[in-house]
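Residue numbering for the sequence shown follows the working numbering, beginning at 222 and increasing consecutively.
Even glycine gets a Cβ: it sits at the ideal position worked out from N, Cα and C.
Small disclaimer: the values here were computed from a predicted structure and weren't measured.
Below is one structure; the comments refer to it alone.
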Amino acid sequence: MRSRVAGVRRRDRHGRGLRGPLTPPQAPISRTRSERFADLVDDEVRRLGARWGRELARVEFAVEEVPGADPLFDGPVLLGQTLPGSGDLPVRIVVYRRPVEARAAGEAELSQMIRDLLVEEVADLLGLSPESVDPSYDTPDD
């Protein structure tokens with residue numbers, strides 16, 4: 222019986238090379254899709270916070286995989302929503318990762334969809350037009 226020494230890298234049993242991560246953990250390629258999505262949302266929240274920091278001070282932003290299932294709901298799948306606060310709970314703006322990713326054709330479109338979605342939710346929360354929340358907001362064609 223062979224003993225294994227802790228910390229020593231061994232070849233896998235099929236002889237295909239050393240086991241272990243292929244990239245260092247800080248490399249962008251080693252981040253998961255959900256981590257990259259959360260980073261895009263965080264970047265946009267910081268951008269909006271620079272202009273609307275005081276108004277958004279008690280707003281919590283979150284990313285969830287999918288909206289909760291409601292058997293009575295028969296409409297389009299939500300991309301995001303604003304959940305009202307109550308008592309000590311802050312208002313939450315939630316972005317749903319899977320539906321947004323399913324509609325985006327690439328990284329640039331994904332980033333733009335997140336930007337537009339958050340601008341629309343913040344505008345609705347503040348009672349303003351999306352163009353006044355973010356002058357670079359592109360009005361979607363209806």
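Go through its chain and collect everything with a Cβ distance to residue i's Cβ below 7 Å, but skip five positions before and after it.
i	result
Glu265	Ile335, Arg336, Leu339
Would you report the Cα separation of residue i and residue j, rounded to the nearest angstrom?
i	j	result
Ala325	Val287	15 Å
Glu341	Val354	8 Å
Asp260	Arg272	19 Å
Tyr317	Glu281	14 Å
Gly327	Gly308	40 Å
Pro351	Gln333	14 Å
Gly296	Val321	16 Å
Pro305	Asp291	18 Å
Arg268	Asp359	16 Å
Val298	Arg257	22 Å
Arg252	Arg319	17 Å
Val343	Gly270	10 Å
Glu285	Ser357	26 Å
Asp263	Leu331	14 Å
Ala329	Leu310	34 Å
Ser255	Pro245	18 Å
So residue i and residue j are supposed to be a Cβ contact under 8 Å. How far apart are they, rounded?
i	j	result
Val312	Gln302	So it is not a contact: roughly 11 Å between Cβ atoms.
Which same chain residues end up closer than 8 Å to residue i when comparing Cβ atoms and leaving out the 5 residues on each side of it in sequence?
i	result
Leu300	Val316, Tyr317, Pro320, Val321, Arg324, Met334, Leu338
Ala283	Arg313, Ile314, Val315, Val316
Whose C-beta lies closer than 6 Å to the C-beta of residue i among residues of the same chain, with five residues either side of it excluded?
i	result
Asp289	The residue you asked about is not Asp; residue 289 is Gly in the sequence shown. Cβ neighbours of Gly289 beyond the five flanking positions: none.
Exercise for the section: Scan the region 273-347 and note each continuous alpha helix (DSSP H) run of 4 residues or more that stays entirely inside, going in chain order. Expected result: Whole alpha helix (DSSP H) segments, 4+ residues: 318-324, 328-347.
Problem - At least three beta-carbon pairs within less than 8 Å, the region 345-354 to the region 272-290 - result: The region 345-354, when compared against the region 272-290, does touch it at the 8 Å Cβ threshold.
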